[in-house]
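If you read the sequence shown in numbering that gives the first Met the number 0, its first letter stands for residue 0, the second for the next number, and so on.
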Amino acid sequence: MQNTFRIEGREKKLIGILTALFVLINAVAFTREIYILTILPIAIFVGYLLLYNTKFLLLFIVFATPLSFNFEDLASFGGIGFYFPTEPLLFALMLLYIVKLLGGYREKQEFLTHPLTLAILFNLAWLATTVFTSVDLIVSLKYLISRLWFVLVMYFMINSFFQDRNLIRQFYLALISSMTIAIIYTLSAHATHGFSEEAGHWVMFPFFKDHTSYGAIMALLFPMVLFHLSRAKALSLHQLIWIGVTAIYTIGLIMSYTRAAWVSLVGALGIYFLIKLRIDYKLVLITLLMLVGGFFAFQDDIIHQLEKNRQDSSDSFAEHVQSITNISSDASNLERLNRWNSAWKMFLDKPVFGHGPGTYMFEYAKYQKSSDKTIISTNQGDGGNAHSEYLGPMSESGVLGALTILIIIIVSVYTGIKLYYQMDHDPYLKGVVMCIVLGLTTYYLHGILNNFLDTDKASIPIWGSMSVLVAISIYHRKKSLKSAAE
0 MQNTFRIEGR EKKLIGILTA LFVLINAVAF TREIYILTIL PIAIFVGYLL LYNTKFLLLF
60 IVFATPLSFN FEDLASFGGI GFYFPTEPLL FALMLLYIVK LLGGYREKQE FLTHPLTLAI
120 LFNLAWLATT VFTSVDLIVS LKYLISRLWF VLVMYFMINS FFQDRNLIRQ FYLALISSMT
180 IAIIYTLSAH ATHGFSEEAG HWVMFPFFKD HTSYGAIMAL LFPMVLFHLS RAKALSLHQL
240 IWIGVTAIYT IGLIMSYTRA AWVSLVGALG IYFLIKLRID YKLVLITLLM LVGGFFAFQD
300 DIIHQLEKNR QDSSDSFAEH VQSITNISSD ASNLERLNRW NSAWKMFLDK PVFGHGPGTY
360 MFEYAKYQKS SDKTIISTNQ GDGGNAHSEY LGPMSESGVL GALTILIIII VSVYTGIKLY
420 YQMDHDPYLK GVVMCIVLGL TTYYLHGILN NFLDTDKASI PIWGSMSVLV AISIYHRKKS
480 LKSAAE
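Okay, structure coming up:
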């Protein structure tokens with residue numbers, strides 16, 4: 000049997016004729032300023048990958064995520080915006096997955112009945128319900144479709160591919176390597192501005208809209224970077240590469256001036272010690288409840304002390320850290336409080352179904368108090384979201400909107416910690432599970448202050464990481480146990 004595909008003489012002639020015809024048609028189209036046909040070869044290639052090499056296309060999307068471009072409010076597409084090339088490809092894969100389901104394809108029962116899958120389906124079902132009660136049906140429908148192409152592709156479709164443990168490794172290496180490129184680009188651009196705090200807010204453009212999302216994704220991937228560094232053989236080229244990558248991520252995190260990312264990494268470090276020391280979760284829960292209770296009991300005194308802090312954002316690392324608790328003069332912190340207050344008022348106005356998925360940015364302006372507004376406040380519906388992965392869904396989809404997100408968080412962390420203790424026989428996957436838990440933790444903590452789950456930058460690594468957890472639980476845990484027993 001031949002291992003190569005041989006093109007016969009007649010086929011060569013046909014290819015030549017079709018190529019000449021394509022060039023001729025494009026030449027005519029160019030004279031009429033019609034350029035859409037130039038992407039036809041790319042479309043054909045993508046179509047081929049969709050049908051015959053889906054795994055490669057999935058990995059390409061993952062690699063492209065940190066480097067994707069955001070196109071906003073495109074008139075040619077009905078005013079919608081999307082990240083290119085990731086979201087068009089995700090949309091195509093979503094359609095393929097739906098066609099497969101309609102054609103009789105079914106996921107494994109063990110995957111469909113996994114607690115994390117059920118939690119995600121519950122969230123999607125409620126999200127779909129609140130679309131029909133939305134104050135803006137079109138906006139909410141667009142938001143739902145966007146969420147579907149992230150979840151259906153990066154949680155459901157990709158899960159079967161994670162049966163191959165090599166793909167798990169490739170998934171994270173693709174993210175880490177492309178994010179490294181984005182960090183190097185950002186640091187290079189930042190250096191031309193003297194690494195100033197002001198420039199640090201936007202030099203990551205066009206790959207990231209601002210420093211907060213940029214810092215969040217670096218923090219999410221940082222545990223996995225450290226894990227690969229720890230596994231590298233001493234004094235090897237492999238170790239040298241990972242030392243370099245770790246240094247790039249560390250410098251990138253510091254120079255991002257993203258306070259939420261720094262705090263989230265400290266929180267993840269705390270979770271790491273809780274897991275390693277096997278501290279009883281009941282003790283942790285009691286401690287958290289005591290801290291929350293203490294805050295409410297002494298909230299007036301705490302707020303009074305916070306209001307005394309007048310340290311604004313600064314080029315100085317120490318002063319920038321100190322500015323985290325400044326709620327008296329730091330515009331960024333004050334605007335975040337304004338958004339939270341608006342989200343809370345929106346929730347109180349429509350506590351059951353909310354205003355509809357994706358509507359916060361168009362509705363919150365009328366809920367702002369004049370006393371809460373800052374120099375960066377806006378009434379134009381162009382100022383972003385609620386700056387919270389919890390208050391945002393609460394204002395848009397009611398109490399169940401926030402509750403279903405919290406359920407996903409709790410189930411994913413519980414699944415990861417439980418799985419970590421079951422993987423002693425497989426050190427590599429045990430380490431991967433720990434890194435996933437820590438990476439997700441950084442985002443869950445970051446989500447208190449910001450929300451990026453409507454972007455490819457956060458959605459692809461987060462939903463993908465959850466899928467990896469479930470895949471390890473279903474496919475690899477039993478295989479590893481069997482191998483260890485033999």
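Glycine included, each C-beta is placed from N, C-alpha and C at the ideal position.
Collapsed DSSP secondary structure at residue i in the structure displayed
i, result
"residue 68", "strand"
"residue 161", "helix"
"residue 80", "strand"
"residue 238", "helix"
"residue 372", "coil"
"residue 358", "coil"
"residue 465", "helix"
"residue 392", "helix"
"residue 192", "coil"
"residue 201", "coil"
"residue 75", "Any reading at residue 75 must be qualified, since the residue scores a pLDDT of 49, below 50, and its modelled position is unreliable; the value itself is stated next. If DSSP states are grouped into helix, strand and coil, residue 75 belongs with the helices."
"residue 350", "coil"
"residue 133", "coil"
"residue 231", "coil"
"residue 420", "helix"
"residue 386", "coil"
"residue 182", "helix"
"residue 2", "With a pLDDT of 40 at residue 2, under the threshold of 50, the modelled position of that residue is not reliable, and no figure is offered here."
"residue 114", "helix"
"residue 367", "coil"
"residue 99", "helix"
"residue 109", "helix"
Whole-angstrom C-beta distance between residue j and residue i, which should lie under 8 Å
i, j, result
"residue 550", "residue 336", "The question about residue 550 has no answer, for the chain in this structure spans 0 to 485."
"residue 212", "residue 453", "Not a contact, Cβ separation roughly 11 Å."
"residue 124", "residue 143", "Not confirmed; about 11 Å, so no contact."
"residue 173", "residue 27", "Contact doesn't hold; Cβ gap of about 40 Å is too wide."
"residue 116", "residue 469", "7 Å"
"residue 257", "residue 214", "3 Å"
"residue 178", "residue 216", "6 Å"
"residue 98", "residue 175", "In fact, because the Cβ distance is near 32 Å, the residues do not count as touching under 8 Å."
"residue 122", "residue 403", "4 Å"
Spatial neighbours of residue i in its chain, beta-carbon cut-off 6 Å, leaving aside the 5 residues before and after
i, result
"residue 132", "352"
"residue 75", "Bear in mind that a pLDDT of 49 at residue 75, under 50, signals an unreliable position, so the number given afterwards is only what the model happens to contain. Result list for residue 75: empty, nothing under 6 Å."
"residue 206", "66, 181"
"residue 443", "408"
"residue 231", "237, 238, 241"
"residue 218", "260, 263, 264, 441"
"residue 275", "none"
"residue 515", "The first residue shown for the chain is 0 and the last is 485, placing residue 515 beyond what the model contains."
"residue 16", "none"
Residue nearest to residue i in terms of C-alpha spacing, selected from the options
i, options, result
"residue 70", "64, 81, 279, 63", "81"
"residue 95", "45, 277, 203", "45"
"residue 47", "29, 62, 92", "92"
"residue 344", "334, 362, 330", "362"
"residue 373", "476, 415, 350, 330", "330"
"residue 465", "447, 426, 158, 43", "158"
"residue 266", "437, 16, 41, 104", "437"
"residue 459", "114, 41, 31, 147", "147"
"residue 375", "334, 166, 358, 160", "334"
"residue 486", "446, 187, 171, 185", "Nothing about residue 486 can be read from this structure; the chain reaches only from 0 to 485."
"residue 477", "134, 41, 162", "162"
"residue 225", "55, 247, 153", "247"
"residue 49", "152, 19, 24, 135", "152"
"residue 252", "235, 227, 185", "185"
"residue 446", "195, 392, 417", "392"
"residue 42", "30, 29, 56, 31", "56"
"residue 360", "341, 290, 368", "341"
Same chain, Cβ closer than 7 Å to residue i, five either side skipped, listed in chain order
i, result
"residue 112", "none"
"residue 541", "The structure shown does not extend to residue 541, since the chain is modelled only from 0 to 485, so the question has no answer here."
"residue 110", "116, 158, 469, 473"
"residue 271", "437"
"residue 169", "58"
"residue 350", "397, 398"
Own chain residues within Cβ distance below 8 Å of residue i, not counting five before or after
i, result
"residue 201", "209, 210"
"residue 129", "139, 352, 353, 355, 356, 395, 396, 397, 400"
"residue 455", "64, 67, 82, 85, 86, 89, 149"
"residue 339", "385, 386, 387, 390"
"residue 461", "219, 439, 442, 452"
Short CB-CB distance (under 9 Å) between residue i and chain C
i, result
"residue 52", "Of the protein chains in the structure, only one exists, and it is not chain C."
Any non-hydrogen atom of the ligand SAM closer than 8 Å to residue i Cβ
i, result
"residue 288", "The ligand SAM is not among the ligands present in this structure, which contains no ligands whatsoever."
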